[in-house]
Amino acid sequence: MILDTQRLRLRPFRDDDAEDVYTYARDPRVGPIAGWPTHKSVEESREIIRTVFSAPGVFAMELKETGRVIGSVGFVGNHPAGDLPCCPDDEVGYALSPVFWGRGLVPEAVKVILEYGFTDLGFQRIWCGHYGGNWRSKRTMEKCGFRYQFSRTEFVQLIGETRQSYFYLLTKESWRERLSGAL
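With my numbering applied, the sequence shown corresponds to residues 146 to 328, in that order.
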């Protein structure tokens, strides 16, 4: 599946994206604040593409202007409220090269991911979260319509630290109201 925005093509990752992924994932401003360690090599980035980024609903953020992968966006396969079969939901996650911060690319990508989740996947709720200190991500979530729900302290396995986590929610109903201009 390929999803297009004005400036981005959201598509499945390929092995040959490893150089581009490594370019942003080795930057210490990207992974650690999101709960994962910086990448140490192109081969490590290739392995992440083959394992983590190969999951359904995860997309490479390819900048149309250059054809380069500048980040990732998609569903991470879990959510903070636990399993509620009567209310299908998931959590959206994203990462972006710092070179492209502040240009509105993540909200642009999340907008089409929300549509995909609510219409194609049938989600009723979509979650998003950030760790304490990642206030840039908090602002992005709020721009996308997510509203704060709760926080909790969690152990972040990949980096071996305990952090405060903040969780935000967007319901299908609220998403529809935003589309119609009611909110």
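Don't be surprised by glycine CBs; every beta carbon is placed ideally from N, CA and C.
- Around the beta carbon of Ser217, a 10 Å sphere encloses 16 or more other beta carbons of the protein chains shown; the residue is thus reported as buried.
- The alpha-carbon of Gly290 is positioned some 18 Å away from that of Ser296.
- Cβ-Cβ separation between Leu303 and Gly202: approximately 20 Å, too far for a contact (criterion under 8 Å).
- Nearest in C-alpha terms to Met206, of all of Ala200, Tyr313, Leu250, is Leu250.
- Under the DSSP assignment, Val166 falls in the alpha helix (DSSP H) whose first and last residues are 163-170.
- Closest in alpha carbon position to Leu314, among Thr196, Gly305, Asp165, Val237, is Val237.
- In the structure shown, the three-state DSSP call for Gly277 is coil.
- Ala163 has its alpha-carbon roughly 28 Å from the corresponding atom of Phe300.
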